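Working notes for the structure below.
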Amino acid sequence: MTITRTKELPDDVYVPFVETLFRDGFTLAIGISAQSVLISLVWAKTGNIAYFAVVLCLLAVGFVRVVNMRNYSALPVAKTREEARQRENRYITYGALHGATLGLFSLVAIYTAEDSFSETAAVCISLATATGIAGRNYGSPRMVIILIITLTCPMSLGFLLRGDFYHIALGLLSAPFLLAIHRYADTVRDVLFTAISAEKRANRIAGRFNRALNTMSHGLVMLDPDGKVIVANAEAAHLMSLNSADQLLGRSIHSLLMRGVAGGLLAAKDCRYVEAQLTRALREGRDRKVLVSLTNGQHYEFSAREGSQELGVITFEDVTQRVSAEERIRFMARYDSLTGLMNRAYFHELVSEAMSGGDRSRLCGLVVIDLDDFKSINDTLGHPVGDGLIYAAAERLSAFAAPGVTISRFGGDEFMLFFDRVEDESYLSGLMEHIFSGLQGEVDVAGHALRIQASAGAVLSRVDSTTVDEMIVKADLALYKAKELGKNGWRLFEASMDAAFRNRQLMKADLRSAVEASALRIVYQPIVAMETMRIVSCEALCRWDHPDLGPISPAIFIPLAEEMGIISQISELVLKAACAECAKWPEQISVSVNLSAKDFRDNDVLDKVRRALAAANLTSSRLEIEVTETALLDDKAQTRELIEEIKKLGVRIALDDFGTGYSSLSYLHKLPLDKVKIDRSCLMDVAQSPRSLELLKGIVNVSRSLGLSVTIEGVETFEQLKILSQQVEPDLVQGFLFGSALSASGIETMSSTIWPFVDEMQTAPRAVKR
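Residues 2 to 771 (my numbering) make up the sequence shown, in order.
Structure, rendered in structure tokens:
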């Protein structure tokens, strides 16, 4: 880049250039003194008074110029371009006077040619001064041009005025000399400008590097081929507890690490290990990280790599917070946040490791503990209280922790214990009794006095003949058995439990296949009018004939279907079949279909009823939906809404199994019901218990007063029927007295039949209504 005009220079270069004009006043004073002495010699030799005048002018100008330079050199560096311009202008003014004085001397000495010494002196002064123009005045191109003109032009003019050929030629040849000096000054100026620009760029880069280096969150040192520190940043000094990075320079890795040993923060063996790893990384030229744990709880991570020109780079940082965070994350991944016990995954990992080592023929035990009726605590008192109960149980179980005993919260209200070595079954029984004794009892949770009661299942196995997963499955089976037997106890796994479990799983698979293939059979139990003893309705019931096991009781496969989540599919199958068959029966006969609690958790139940009626082209009034008490308990608001929507279709609604469980009279007037079906349990002892009879009569009278028809289920004897006819007077009766459930064609055949004991019922005396 060539710069020939001042205005092209940026301020940060122009100002320093101007400052160089005032840098060396001493040599200027020497030059002026030498010039004055030489001109004085010419005046002494020639006696020409003009030379004396030139000496006086030169001394006056020189004095002013030296004083000006001295004054400005003592001032601070110019802050603005305009201030620097003013200083340059003053320098040029005095420099131009100086040059003009010397040029005047040259013109007089050469033109008059009165003495060869004076002529030689003039040429010498002009040449000597011209050669210093570029070196002293490169910072001001204007000064260079002015000095060249004031020095060389008078000298050339003097030669030209001599008039002869040789002097004219000599005068003309001074022009190239002038151009050469000017060009030389520009070259010097360009070189210096390039150097200054490069220096500024280097300084900026160095500044950025230094800033980046010292604002790093990592400590950094660079090592020379001898392993000595040649570069270090402020963070490195801080981490090494030094005041400045300079104190690290010249040190080796070993000396740096030994500071930690001397301070008691690092063991000597750890120091040797870290040094070996870092040295190896530098030698092999690949990254290697080493985590160093100090005795004060801090953790440093060192990274080493080989840099360019055989320089090594080591970075290190305080990773205490990161290590702590990783430890917290690791803890959260392995331990339960509520109880602090290990979670399922970590329990499985540790137990698997324990079982893989040691004596493979030893006995080990695994126990699954489940809190009894925990769901009721959450439902009635809230989840925070439930969590408090789990914490209390975990705290009591933690007391049994010991070498060889692993305790885990397996999830929810379930805990698991593993005993790595168990002597025999009696020893495990003793452990279980001890655990149950310590676990059970009352605890205070948020002001609630709660009793910890649990059931447990245990399994005892040889390590070489089982796995963790197999033991968990068997312990779960034993737990299920303990709950079946009344809870608040524990059971040891037996082979028969496994067989029952496998049979149950097979039965689930077969039931799913039967539902998907629509292989379930629908039968209908007659519902008889009390007055006429004729069939007026039928309850659709589902039957399953297993290909290998024969008929499976609904008491077995219906709960199984609910557990599997396929009860709604069975309900839909029964609903479609019942509507289709009812459409073939006489119009006076309707059909009743049970819907499960799960059906009322799905808004699609309304569409299922619509589709079944439409597919069978059945009048909606001939369909009756029986609602179980369980469905009402789960979600009264949603169930009521769905019941109202179904009733708007014209379908009748019956409350099934009234008189069992938590039956509430509030259902009878709050829900849009048409009928109440009284459970068989209310009829069983009416012949022997006047209180039961009065209760049954009261339920019937209350229901009838609310506009509801009444069906009594479970009529199995003539005596029961007689009492119902004479004293209770329900609208409808249902039971095995009228025969077992029939096929659809059987119902159609018997639709016009009157039961044979109707005449006797009609002639029997009736109770007087009150």
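We put the beta carbon where it would ideally sit given N, CA and C, even for glycine.
From a predicted model like this one, the values you see are computed outputs, not experimental measurements.
(request) Over the uninterrupted alpha helix (DSSP H) stretch that includes residue 547, give me the two end residues. (result) Along the sequence shown, one-based indexing puts residue 547 at 546. Taken as a continuous stretch (DSSP letters only), residue 547 belongs to no alpha helix (DSSP H), being part of the beta strand (DSSP E) at 536 to 547.
(request) Locate the alpha helix (DSSP H) running through residue 445, then write down its first and last residues. (result) By one-based count along the sequence shown, residue 445 stands at place 444. Segment 442 to 446 is the beta strand (DSSP E) holding residue 445; no alpha helix (DSSP H) there.
(request) Determine the DSSP secondary structure at residue 584, reduced to helix, strand or coil. (result) Working through the sequence shown from its first residue, we reach residue 584 at position 583. If DSSP states are grouped into helix, strand and coil, residue 584 belongs with coil.
(request) Please state whether DSSP places residue 190 in a helix, a strand or coil. (result) Residue 190 sits at position 189 when you count from the first residue of the sequence shown. Helix.
(message) For residue 233, list the residues DSSP reports as bridge partners.
(response) Locating residue 233 in the sequence shown gives position 232, counting from the first residue. Answer is 222.
(request) Evaluate residue 359 with the Cβ neighbour count: other Cβ atoms within 10 Å of its Cβ, from every protein chain shown; 16 or more gives buried, anything less gives exposed. (result) Start at 1 with the first residue of the sequence shown, and residue 359 comes out as number 358. Residue 359 comes out exposed.
(message) Going by C-alpha to C-alpha distance, which of 473, 389, 488 sits closest to residue 443?
(response) Against the sequence shown, residue 443 aligns to sequence position 442. Of the candidates 473, 389, 488, the residue whose Cα lies closest to the Cα of residue 443 is 389.
(request) Pick helix, strand or coil for residue 691, following the three-state DSSP scheme. (result) Taking the sequence shown and counting its residues from 1, the one referred to as residue 691 is at position 690. DSSP, reduced to helix, strand and coil, places residue 691 within a helical segment of the structure shown.
(message) Can you tell me where the alpha helix (DSSP H) holding residue 95 begins and where it ends?
(response) Position 94 of the sequence shown, counted from the start, is the residue given in the question as residue 95. First-last of the alpha helix (DSSP H) with residue 95: 82 to 113.
(message) Using only the alpha-carbon positions, how far apart do residue 752 and residue 711 sit?
(response) Mapped onto the sequence shown, residue 752 falls at position 751. Mapped onto the sequence shown, residue 711 falls at position 710. Computed Cα separation, rounded: 21 Å.
(message) Can you tell me whether residue 99 is buried or exposed? The criterion is at least 16 other CB atoms within 10 Å of its CB, across all chains shown.
(response) Counting from 1 along the sequence shown, the entry for residue 99 is found at position 98. So residue 99 counts as buried.
(message) Can you tell me which residues form a DSSP beta bridge with residue 370?
(response) Here residue 370 is taken as the residue at index 369 of the sequence shown, counted from 1. Note: residue 370 sits in a beta bridge opposite 416, 457.
(request) Taking the CB atoms as reference points, tell me whether residue 492 and residue 439 lie closer together than 8 Å. (result) Locating residue 492 in the sequence shown gives position 491, counting from the first residue. Locating residue 439 in the sequence shown gives position 438, counting from the first residue. Against a cut-off of 8 Å, the Cβ pair of residue 439 and residue 492 comes out as no contact.
(message) Per DSSP, what are the beta-bridge partners of residue 491 in this structure?
(response) As a working note, residue 491 is residue 490 in the sequence shown. Paired residues: 457.
(request) Let me know if residue 23 comes out buried or exposed under the rule of 16 or more other beta-carbons within 10 Å of its beta-carbon. (result) Taking the sequence shown and counting its residues from 1, the one referred to as residue 23 is at position 22. Label assigned to residue 23: buried.
(message) In this structure, how does DSSP classify residue 772 when only helix, strand and coil are distinguished?
(response) Residue 772 is absent from the model: the chain starts at 2 and stops at 771.
(message) Going by DSSP in three states, residue 505 sits in which element: helix, strand or coil?
(response) Within the sequence shown, residue 505 is the residue found at index 504, counting from 1. Residue 505 falls in the helix class under three-state DSSP.
(message) For residue 471, report the span of its beta strand (DSSP E) as first-last.
(response) Locating residue 471 in the sequence shown gives position 470, where the first residue counts as 1. Per DSSP, residue 471 belongs to no beta strand (DSSP E); it is in the alpha helix (DSSP H), 469 to 485.
(message) Helix, strand or coil, according to DSSP, for residue 69 in the structure here?
(response) Counting from 1 along the sequence shown, the entry for residue 69 is found at position 68. Here residue 69 sits in helix by DSSP.
(message) Considering only the alpha carbon of each residue, which of 401, 301, 452, 641 lies closest to residue 372?
(response) Translated into the one-based positions of the sequence shown, residue 372 becomes position 371. Ranking 401, 301, 452, 641 by Cα distance to residue 372 puts 452 first.
(request) Name the two residues that bound the continuous beta strand (DSSP E) containing residue 606. (result) Here residue 606 corresponds to residue number 605 of the sequence shown, with the count starting at 1. Run containing residue 606: none in the beta strand (DSSP E); it sits in the alpha helix (DSSP H), 606 to 617.
(request) Look up residue 424 in the DSSP assignment and say whether it is helix, strand or coil. (result) By 1-based counting over the sequence shown, the position of residue 424 is 423. Looking at residue 424 - three-state DSSP - the assignment turns out to be coil, as it is neither helix nor strand.
(request) Give, in chain order, every unbroken run of the alpha helix (DSSP H) that is at least 4 residues long and sits entirely within the region 321 to 372. (result) 321 to 335, 345 to 357
(request) Rounded to whole angstroms, what's the CA-CA distance from residue 671 to residue 409? Just pull it up for me. (result) The residue you call residue 671 lines up with position 670 of the sequence shown. The residue you call residue 409 lines up with position 408 of the sequence shown. For residue 671 and residue 409, the distance between alpha carbons rounds to 47 Å.
(message) Helix, strand or coil for residue 570? Go by DSSP, reduced to three states.
(response) In the sequence shown, counting from the first residue as 1, residue 570 sits at position 569. Note: residue 570 maps to helix in three-state DSSP.
(message) Between the alpha carbons of residue 105 and residue 151, how many angstroms are there, rounded?
(response) Along the sequence shown, one-based indexing puts residue 105 at 104. Along the sequence shown, one-based indexing puts residue 151 at 150. Taking the straight line joining both Cα atoms gives about 8 Å.
(request) Please determine if the region 109 to 128 and the region 84 to 91 are in contact, where contact requires at least 3 C-beta pairs separated by less than 8 Å. (result) Judged by Cβ distances under 8 Å, the region 109 to 128 makes no contact with the region 84 to 91, as fewer than three pairs qualify.
(request) For the beta strand (DSSP E) containing residue 532, list its first residue and its last residue. (result) Counted from its first residue, the sequence shown places residue 532 at position 531. First-last for residue 532: undefined, no H or E at that position.
(request) Give the DSSP-derived three-state secondary structure of residue 526 in the structure shown. (result) Walking along the sequence shown from the start, residue 526 turns up at place 525. Of the three classes helix, strand and coil, the one that applies to residue 526 here is strand, per DSSP.
(message) Quick check: residue 367 and residue 417, are their CB atoms within less than 8 Å of each other?
(response) Residue mapping note: residue 367 aligns to position 366 of the sequence shown, counting from 1. Residue mapping note: residue 417 aligns to position 416 of the sequence shown, counting from 1. Result yes, Cβ atoms of residue 367 and residue 417 sit closer than 8 Å.
(request) List the whole-angstrom C-beta distance separating residue 356 from residue 464, where the pair is believed to meet the contact cut-off of C-beta under 8 Å. (result) Taking the first residue of the sequence shown as position 1, residue 356 is located at position 355. Taking the first residue of the sequence shown as position 1, residue 464 is located at position 463. Confirmed, about 5 Å.
(request) With a 10 Å radius around its C-beta and 16 neighbouring C-beta atoms as the bar for buried, classify residue 603 as buried or exposed. (result) Looking up residue 603 in the sequence shown gives position 602. Classification for residue 603: exposed.
(request) Please report how far the alpha carbon of residue 130 lies from the alpha carbon of residue 211, in whole angstroms. (result) Taking the sequence shown and counting its residues from 1, the one referred to as residue 130 is at position 129. Taking the sequence shown and counting its residues from 1, the one referred to as residue 211 is at position 210. Taking the straight line from one Cα to the other gives about 45 Å.
(message) For a quick check, are the C-beta atoms of residue 250 and residue 233 less than 8 Å apart?
(response) To locate residue 250, count along the sequence shown from 1; it is residue 249. To locate residue 233, count along the sequence shown from 1; it is residue 232. Contact: yes.
(message) Can you tell me whether residue 538 is buried or exposed? The criterion is at least 16 other CB atoms within 10 Å of its CB, across all chains shown.
(response) As a working mapping, residue 538 is identified with position 537 in the sequence shown. Classification of residue 538: buried, given that the 10 Å Cβ count is 16 or more.
(request) Please classify residue 414: is it buried, with 16 or more other beta-carbons within 10 angstroms of its beta-carbon, or exposed? (result) Along the sequence shown, read from residue 1 onward, the residue named residue 414 stands at position 413. Its Cβ being crowded by 16 or more others within 10 Å, residue 414 is buried.
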